[in-house]
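Chemist: Next up is a structure, given as structure tokens.
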Amino acid sequence: MVVAIVRRVAILVISVLVASIVVFAFMAVLPGDPAQVALGVNATPELLAKTRQDFGLDRPLVEQYLSWMGGVLHGDFGRSYVTGEAIGPQLLDRLGVTLWLVGAGMLVALVLAVPFGALAAVWHRRSGGTAISGLSQLGVAVPAFLAGILLVQVFAVQLRWLPSGGWTPPNQDTGEFLRGLILPALSLGLVQGAVLTRYVRSAVLDTLGQDYLRTARSKGLRPYPALMRHGLRNAAVPVVTVLGLQLATLLIGAVVVERVFVLPGLGSMLLDSVSARDLLSVQGIVLVLVVAVLVVNFVVDLLYAVIDPRLRAAR
Amino acid sequence: MSTPLKGRTSPTLVVGAVLVGLVVAAALLSFAWTPHDPLKVESTARLLGPTGDYWFGTDKFGRDVFSQILVGARTTLYVGVIAVGVAAVVGTPLGMLAGMSKRWLGEFVMRVNDLVLAFPALLLAIMLGAVYGASTVTAMIAIGIATIPSFARVARSGTLQVMSTEYVLAARSAGRSRLWIARRHVLPNIGGLVIVQCSVSFAIAVLAEAALSFLGFGTRPPTPSWGRMLQESQELLTVHPRLAIVPGLAIAVAVLGFNLLGDGLRDRLDPRLERR
Amino acid sequence: MTLEVCELSVHAGTHPLVRGVSFGVGRGERVGLIGESGSGKSLTASAVMGLLPEGLAPTGSAKLTGAELIGAPERELSRRRGRDLAMVFQEPMTALNPLMRVGRQVAESIRLHRGGSRRAALRAAVELLDAVKLPDPEQLARAYPHQLSGGQRQRVMLAIALANDPALLICDEPTTALDVTVQAQVLDLILSGVAERETALLFITHDLAVVAKVCTRVLVMYDGRIVEEGSTSDVLTRPSHDYTKKLLAASDLEAA
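This is the structure in structure tokens:
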């Protein structure tokens with residue numbers, strides 16, 4: 308078992324390194340001169356050359372990459388070419404916001420998908436099950452940002468129950484923080500919930516046909532307790548796999564939702580940096596996002612092994 | 008009591024096909040005729056409700072919403088076709104290779120696959136947009152690249168199944184080359200899976216393009232795009248909700264259509280496929 | 012008469028799968044139900060258990076120690092299953108929950124009907140595992156199904172089935188999926204298990220050699236109907252129905 312874990316960690320580390328190289332190479336290929344962008348059109352050639360030297364842009368690419376990665380591993384993402392501020396601290400703050408959003412969104416999605424998906428499976432021949440399936444199909448077809456726009460319209464503008472945007476840190480005012488989180492989390496979660504519902508449904512459906520459920524019934528368990536005690540954990544296995552993939556989608560969905568609700572998250576930082584041609588920031592943010600996805604997949608892999616003892620033995 | 012699954016035309020398939028047909032028809036129609044020029048700014052006709060002349064009304068620039076929807080269908084389909092095309096053409100052989108090769112090569116390909124998966128479509132599009140300036144083309148390519156892993160996965164798992172059948176085992180012991188087996192046995196058998204994946208990925212591509220246009224990283228103005236129509240509708244939502252509902256509905260119809268089509272095809276093509 | 016089945020039928024819509032089956036199994040009696048696949052043997056057993064697949068409806072009567080099973084409310088049936096009647100299925104591989112430890116699965120049956128603490132139930136479970144001659148039962152109770160062999164899994168199933176000393180035990184091809192060498196052991200365990208408890212046994216199989224070993228009485232089923240019945244020796248040495256004769260001819264059984 309230890310061997311399997313070590314192997315997975317090794318793969319994770321290699322993937323992160325390769326990803327960092329890809330991200331760096333991508334940014335290095337960018338046409339345009341960061342020094343020029345920083346100084347503006349009227350800069351003299353001498354000033355430009357000096358600035359390029361200050362930024363370390365005259366060094367060979369490999370050296371630039373190593374110096375950048377070296378800093379990153381210490382938490383130092385460098386200083387923005389455009390604003391001159393340290394990127395790291397801002398990145399961290401913004402990452403926090405995005406994580407709250409993604410976490411809340413995932414929570415909403417699970418709270419919706421698990422019961423509804425299970426019901427849809429148990430009722431798969433009845434109209435109730437078809438109705439849930441139909442609704443989930445509809446939910447999948449709606450983009451998260453559309454859901455966001457509509458929710459804002461109804462709950463923030465018309466009913467004035469909730470704020471239409473903005474962010475309050477949790478330690479500053481928990482009440483406002485929660486209120487500001489509800490609509491964005493719903494926008495993300497409703498759509499993700501629809502996607503997950505379909506997966507939960509098929510996982511539970513599969514489980515329903517399994518022999519061990521029949522054994523459970525023959526012991527004297529009623530249908531629902533049998534499903535709860537024996538089916539759920541088995542159905543969780545394929546769902547957990549999907550969860551990892553969905554987390555990546557959620558992360559990106561958060562980027563869009565942050566726009567709708569004006570949340571100071573990583574997504575909006577990314578978009579702003581791209582518009583401002585703040586390449587070093589873009590580099591750092593993209594790296595963080597990609598690593599986040601890789602780490603999530605790694606964790607899901609481990610979780611998989613925890614849930615299913617069959618996977619613990621070999622490999 | 009039992010209906011043969013193969014050849015059964017489920018309502019899912021029909022509804023999906025109809026919805027997709029609607030979108031395709033709209034796009035095709037837009038080449039021949041639109042009620043008004045979708046690009047024409049008509050300052051006297053701004054923000055009109057639905058009238059006989061403007062079936063869905065006009066937007067804040069006085070442009071006809073219906074015409075924009077029709078031409079926007081073109082963009083949606085372009086992006087979908089190119090993105091899915093790229094993904095299928097690159098991903099399927101990759102997956103087949105992974106399924107037919109020795110252990111470590113297959114593993115390696117799948118690891119690379121996972122790495123590509125770590126770069127979601129939107130991220131790639133933003134990155135490409137940063138380099139080359141955002142446009143429909145960058146969106147297409149980014150979504151296409153991001154979709155390759157799905158096809159590779161599906162192709163690989165299908166290939167693995169085919170490789171273990173008796174036909175293939177017989178062919179291999181008869182000395183048939185890998186290429187021959189791939190062409191004769193694997194491809195026809197995974198064809199159904201790939202088609203289903205095309206439909207499903209198309210739906211995802213539509214959503215991705217809409218999101219990108221909404222963010223400003225997709226189709227540039229003034230070319231009509233459903234996603235951008237949604238973004239433009241934001242500020243006027245209270246007074247003119249129709250400006251968001253119409254493109255939103257269009258997107259939903261397209262996505263729903265392709266998803267249902269994929270599900271219906273899945274049921275019809277092979278009962279052995281997951282009966283989800 | 013522990014089990015009294017009278018005119019039991021199972022229909023899929025209008026299509027009859029089991030037609031007017033009637034038989035009885037007395038206390039401590041071992042009755043075999045033989046026939047080829049598709050004859051309706053398993054469906055008959057499922058109908059008695061009340062576990063028919065969706066879409067199939069039973070009619071007629073099946074009384075266990077006097078109380079009617081067919082049409083009884085699910086609440087009541089659940090109470091009786093695992094306590095008064097139990098079943099061992101064919102596929103040991105899939106019959107056990109792969110994610111739950113074996114001992115706990117046995118203990119579940121005990122706790123369901125006898126209550127008690129988890130620890131007490133587990134202790135009783137270990138005893139049961141010992142009774143079915145599983146090696147090192149305490150260690151084995153902590154194992155997962157995939158770590159056991161087919162024969163061991165089937166013994167666990169037997170332990171679960173006999174846990175609460177049921178009045179009726181139904182076995183549906185319990186040894187068909189096992190190796191020949193293991194088959195004999197499991198069959199012996201079934202025999203001793205029901206003998207100890209004076210449990211009525213309904214044994215379903217298509218293997219005539221097994222029937223000869225296990226059962227005193229035999230019912231031959233064909234196309235949803237019982238076409239012949241009698242003592243094992245009578246039916247197997249002097250078959251009267253054509254189908255029985257065909258079955259015998261097709262098997263390797265020699266006249267005893």
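Protein chains in written order, with our numbering: chain U, 308 to 622; chain L, 8 to 283; chain Y, 12 to 267.
For each residue, glycine too, the CB sits at the ideal point set by N, CA and C.
Owing to the predicted nature of the structure, the values given are computational and were not obtained by experimental measurement.
#1: Please list, in chain order, all residues of the same chain as V21(L) whose beta carbon is under 8 Å from its beta carbon, the five residues on each side excluded.
#2: Restricting to Cα atoms, I'd like to know which of R70(L), N196(L) and A105(L) is closest to R160(L).
#3: Any beta carbon of chain U sitting closer than 9 Å to that of T105(Y)?
#4: Should E119(Y) be flagged as near chain U, meaning a C-beta pair shorter than 9 Å?
#5: Report the three-state DSSP secondary structure of E49(L) (helix, strand or coil).
#6: Kindly provide the ranges of any alpha helix (DSSP H) runs that are 4 or more residues long and lie completely inside the region 474-533 of chain U, ordered along the chain.
#7: By the DSSP assignment, the beta strand (DSSP E) with M104(Y) in it spans what residues?
#8: Can you name the residues of chain U whose CB is closer than 9 Å to the CB of A259(L)?
#9: Could you list which residues in chain U have their beta carbon closer than 7 Å to that of A97(Y), in chain order?
#10: For D518(U) and chain Y, any beta-carbon pair shorter than 9 Å?
#11: Alpha carbon to alpha carbon, how far is A561(U) from L596(U)? Give it in angstroms, no decimals.
#12: Kindly list, in the order they appear in chain U, the residues whose Cβ is closer than 9 Å to that of R118(L).
#13: Can you tell me whether K74(Y) is helix, strand or coil according to DSSP?
#14: Consider the Cβ of V409(U): report whether some Cβ of chain L lies at a distance smaller than 9 Å.
#15: Assuming G538(U) and T514(U) are in contact, meaning their beta carbons sit under 8 Å apart, how far apart are those beta carbons, in whole angstroms?
#16: Just the chain L side, please: which residues come within less than 7 Å of L601(U) by C-beta, in chain order?
#17: Determine the contact status of A218(L) and L129(L), defining contact as a CB-CB distance below 9 Å.
#18: Would you check if there are 3 or more beta carbon pairs closer than 8 Å linking the region 490-508 of chain U to the region 421-431 of chain U?
#19: Return no unless some Cβ of chain U is closer than 9 Å to the Cβ of I270(Y).
#20: Who are the Cβ neighbours of A215(L) in its own chain at under 6 Å, not counting the five residues just before and after it?
#21: Could you tell me whether the region 106-114 of chain Y touches the region 152-172 of chain Y, where touching means 3 or more Cβ pairs closer than 8 Å?
#22: Any heavy atom of the ligand ADP closer than 8 Å to the Cβ of F209(L)?
#23: Can you list the alpha helix (DSSP H) stretches of 4 or more residues lying completely in the region 330-386 of chain U, in chain order?
#24: Could you please tell me which residues of the region 235-263 of chain L, in chain order, have their CB closer than 9 Å to any CB of chain U?
#25: Touch check for the region 221-233 of chain Y and the region 241-254 of chain Y: three-plus C-beta pairs under 8 Å?
#26: By the DSSP assignment, the beta strand (DSSP E) with E8(Y) in it spans what residues?
#27: I need the DSSP call for R110(L), collapsed to helix, strand or coil.
#28: Under the DSSP definition of a beta bridge, which residues are partnered with T216(Y)?
#29: Quick one: grab the DSSP three-state call for G268(Y).
#30: For E184(Y), is the classification buried or exposed, using 16 other Cβ atoms within 10 angstroms of its Cβ as the cut-off for buried?
#31: Evaluate S387(U) with the Cβ neighbour count: other Cβ atoms within 10 Å of its Cβ, from every protein chain shown; 16 or more gives buried, anything less gives exposed.
#32: Using a Cβ-Cβ cutoff of 7 Å, what residues of the region 587-611 of chain U are near chain L? List them in chain order.
#33: Nearest-angstrom Cα distance between Q465(U) and L457(U)?
#34: Contact criterion: CB-CB distance below 9 Å. Does H253(U) meet it with respect to chain Y?
#35: Output, in chain order, the set of chain L residues within a Cβ distance shorter than 8 Å of V563(U).
#36: If we call anything under 9 Å between Cβ atoms a contact, is W375(U) one with G391(U)?
Modeler: The answer reads as follows:
#1: G271
#2: A105(L)
#3: yes
#4: yes
#5: coil
#6: 481-515, 518-526 and 530-533
#7: No beta strand (DSSP E) contains M104(Y), which is instead part of the alpha helix (DSSP H) from P103 to A106.
#8: L445, A448, V449, P450 and L453
#9: S525
#10: yes
#11: 11 Å
#12: I318, I321 and S322
#13: strand
#14: no
#15: 4 Å
#16: A125
#17: yes
#18: yes
#19: Outside the shown range of chain Y (12 to 267) lies residue 270(Y), about which nothing can therefore be said.
#20: A128 and I150
#21: yes
#22: Absence of the ligand ADP is noted for the structure shown, with no ligands found whatsoever.
#23: 341-346, 352-362 and 368-380
#24: L237, Q238, S240, Q241, L244, T245, P248, A251, I252, P254, G255, I258, A259, V260, A261, V262 and L263
#25: yes
#26: Absent from the structure is residue 8(Y), since the part of chain Y shown begins at 12 and ends at 267.
#27: helix
#28: I45(Y)
#29: Outside the displayed range of chain Y (12 to 267) lies residue 268(Y), so it cannot be described from this structure.
#30: buried
#31: buried
#32: V589, V593, L596, V597, V600, L601 and N604
#33: 11 Å
#34: Since the first residue shown for chain U is 308 and the last is 622, residue 253(U) is missing from the structure and cannot be characterised.
#35: L129, A218, F221 and L222
#36: no
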